[in-house]
Amino acid sequence: MYFLVKNKEEFEERMKKTKRESEWGKQEIKTFTSLSFNSDCYLSKGILAWYENKDIIAFKRYLSISGKLKILGHSRIDWAYHGDIVLQFFPEIMSDNPLIHQFLINNLNDICLEDKPDYHKGWGTTLFMNRNLLLALKGDWEALKKRSLIFLNDVPSGHKKYILTHEFYLALSEANVDEMKKALKPIMDPKKGKILARDTFYDLEFYLQPQLLLFGKIASIHGYNLEIDLDIAPKELIKYQPLTVKEYEEADKEYPLITKYDFKEPFINWIAKMTQIEEEYKSGRK
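Given below as structure tokens:
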């Protein structure tokens, strides 16, 4: 359990911080920034639900709230030009909420708008990799294979640690389970697992290996069981098994502002609505 940190003492200190941060959210602050901040608080709640009680239902409920807040905290449509795949999409995908998944798929071309298509170097690397994750979620195997080969045949300077990511995508695009397992095996090694987990979510990276969970989940969504079951990547979190629509709707009630947006609507509608809400909130504080 402790291999993503130095020892038990560091693990316990990080878990204490996670507990504190799970209580910091303030719904009364109505700004785009506060939604993003509160998204992290609900992610912490989900992690605690799993750590303390192995409560998979609570984990998915909290991550559904976290994922929706993360989306609603963006004030522009094309937001995936910064922040890696874990920072941008971990709670949304790990929640197993089909509504969130479909939103990401439907808005893929806006979220990951590429001024220069398939450009994978320099300023374009982060956007390139974020788009690849959503292509994997969507199951666009032709595009995913093409882009994986672009990366593998010309790895950008300083990004060698992402070779296995694209080896996994390539295997996924070819429905090759053995190669998927082979690509992910290095992440189970303490050294590699730490390197990839570092600087993702502070309240997550010390306990769970985020990329292993994300890639295992993507595979499960498409019907593949990679037989991963580790303390840092439990099979219960990896298996794609959505809650009922009612359970997700009940979760939304915990954060009423979420219910003001229909995730089937154009996202520009939400930006306009939240901009007005934020302006009214700020005016009321003066």
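Each residue of the sequence shown is one higher than the one before, starting from 888 at the first, in the numbering used here. We put the CB at the ideal spot given by N, CA and C, even for glycine. What you are looking at is a predicted structure, and each value in this text was computed from that prediction instead of being measured.
Alpha carbon to alpha carbon, what distance is there between residue j and residue i?
i       : j       : result
Ser1107 : Ser921  : 32 angstroms
Ala1140 : Leu1039 : Here residue 1140 turns out to be Lys, not Ala, going by the sequence shown. Distance between the alpha carbons of Lys1140 and Leu1039 is about 44 angstroms.
Leu1083 : Arg1034 : 21 angstroms
Ala1120 : Ser982  : 15 angstroms
Leu991  : Leu1020 : 10 angstroms
Leu1057 : Ile1164 : 43 angstroms
Lys957  : Lys1003 : 26 angstroms
Ser909  : Phe898  : 16 angstroms
Pro1043 : Lys947  : 35 angstroms
Glu900  : Pro985  : 35 angstroms
Gly1009 : Gly1171 : 43 angstroms
Tyr1168 : Thr918  : 8 angstroms
Glu1029 : Asn994  : 19 angstroms
Asn1063 : Leu1144 : 42 angstroms
Using 9 angstroms as the threshold, is the C-beta distance between residue i and residue j below it?
i       : j       : result
Asp997  : Asp965  : yes
Leu1031 : Ala1023 : yes
Pro1073 : Lys1079 : yes
Ile972  : Met1016 : yes
Tyr929  : Ile952  : yes
Gln1075 : Leu1117 : The sequence shown places Met at residue 1075, rather than the Gln named in the question. Yes; because the gap between Cβ atoms is below 9 angstroms, this pair is in contact.
Ala936  : Asp927  : no
Phe1093 : Ala1070 : no
Leu1095 : Ile934  : yes
Phe976  : Leu1101 : yes
Phe1150 : Lys895  : no
Lys1160 : Tyr1142 : no
His1046 : Thr1012 : yes
Should residue i be labelled buried (16 or more other beta-carbon atoms within 10 Å of its own) or exposed?
i       : result
Lys1173 : Residue confidence is low: Lys1173 scores 46 on pLDDT, short of 50, so the model does not pin down where it sits. Its coordinate-derived value is still stated next. It is exposed - the Cβ of Lys1173 has fewer than 16 other Cβ atoms within 10 Å.
Glu979  : buried
Lys932  : buried
Tyr912  : A small fix is needed here, since residue 912 is Gly in this sequence, not Tyr. Looking at its Cβ environment, which holds 16 or more other Cβ atoms inside 10 Å, Gly912 is buried.
Arg907  : exposed
Gln1128 : exposed
Ile1115 : buried
Gly1026 : exposed
Ile1155 : exposed
Ile944  : exposed
His1007 : buried
Lys903  : exposed
**Asked** In chain order, which continuous runs of the alpha helix (DSSP H) of length 4 or greater are located wholly inside the region 1020-1061?
**Response** For secondary structure counted as the alpha helix (DSSP H) over 4 or more consecutive residues, the region 1020-1061 holds these complete runs in sequence order: 1028-1040 and 1050-1060.
**Prompt:** Considering only residues of the region 1123-1172, which uninterrupted alpha helix (DSSP H) runs meet the minimum length of 4 residues and lie entirely inside it, listed in chain order?
**Reply:** Along the length of the region 1123-1172, whole alpha helix (DSSP H) runs at least 4 residues long occupy 1132-1139 and 1154-1172, reported in chain order.
**Request:** Determine, using beta-carbon pairs with one atom in the region 1101-1118 and one in the region 1133-1150, whether at least three such pairs fall under 8 angstroms.
**Result:** With a cut-off of 8 angstroms, the region 1133-1150 and the region 1101-1118 do not count as touching, because too few Cβ pairs lie within range.
**Asked** Touch check for the region 912-930 and the region 951-965: three-plus C-beta pairs under 8 angstroms?
**Response** These segments touch.
**Asked** Which residue spans inside the region 916-959 form an unbroken alpha helix (DSSP H) run of at least 4?
**Response** The region 916-959 contains these whole alpha helix (DSSP H) runs: 919-940 and 943-959.
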